[in-house]
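Quick notes on the structure that follows.
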Amino acid sequence: MTPLGHRRLILTRHAKSAWDDPTLADHDRPLNDRGRRSARALGDWMASRGYEPEEVLCSSAARTQETWAMIASAALEVRPVIRIEPGLYQAGPEKMLSILKTAAHPTVMMLGHNPGISELAALLPARLPHDPDFRRYPTGATLVVDFQIENWQQVEPGQGSVMDFVRLDGRG
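Its first residue numbered 234, the sequence shown is counted upward by one per residue in my numbering.
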């Protein structure tokens, strides 16, 4: 939970997806085994740090929805409102920001795709994390950024304070 006058965004790129069925449309690709393991590990990491989303804005793609399902299987205490957002699929940072501005709860998790998610992640903080993987935002990468705003309609680029950045892609 975030204090009054604060908003927290947990910005996550979907975990590693499977490419073994060439007949599947990109939108319908599921996670592979490594992706499922890393998404579960991400849920454990979030729970261990108290990063509990109250609202989840999730792309309509199979791999983002499965990423959320694996994260939610961790010991998260909060049961968030889930919004499947078709507009997040292959969205650019402007579209993602406009969807974020519709959020109603103080702590929001957004699950999406590159390149839009990495571009949004680079726009929001006042200072970027010192991590060599931040700019490429690999699968499963997650940025936690806090804002000193009263509601999501007030969110603007360059306002956020980075609380955490992690990449748990299952490579060991």
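Think of the CB as a built atom: it goes at the ideal place given N, C-alpha and C, for glycine as much as any other residue.
- Between H239 and T297, the C-beta gap is not smaller than 8 Å, which leaves the two residues out of contact.
- Contact between P313 and V289 holds: their C-beta atoms lie close to 5 Å from each other, under 8 Å.
- Closest in C-alpha terms to R400, from the list A274, P263, D254, A295, comes A274.
- Excluding sequence positions up to five before and after M329, its CB lies within less than 8 Å of the CB of L321, M343, G345, G349, I350, L353, all in the same chain and listed in chain order.
- Under DSSP, R240 shares a beta bridge with F380.
- Within a 10 Å sphere around the beta-carbon of S292 sit 16 or more other beta-carbons, which makes this residue buried.
- As summarised for the stretch 261-345, the continuous beta strand (DSSP E) elements at least 3 residues long and confined to that stretch are 288-292, 314-318, 340-345, given in chain order.
- Boundaries of the beta strand (DSSP E) around S394: 394-399.
- Spanning the alpha carbons of G393 and A355 requires a straight line of approximately 10 Å.
- Here R241 is buried, its C-beta having at least 16 other C-beta atoms within 10 Å.
- Among the bridge pairs identified by DSSP, R246 is matched with G345.
- In this structure, the beta-carbon distance from A305 to G276 falls below 8 Å.
- For L244, the closest of E327, V377, V395, W385 by C-alpha to C-alpha distance is V377.
- By the 16-neighbour rule on beta-carbons within 10 angstroms, K249 is buried.
- Excluding five sequence positions before and after D364, the CB atoms of its chain that fall closer than 6 Å to its own CB belong to F398, given in chain order.
- Here E299 is buried: its Cβ has 16 or more other Cβ atoms, across all protein chains shown, within 10 Å.
- Apart from the 5 residues on each side of it in sequence, A336 sits with its Cβ closer than 6 Å to the Cβ of E288, W385 in its chain, given in chain order.
- As DSSP reads the structure, T375 sits in a beta bridge with T245, V399.
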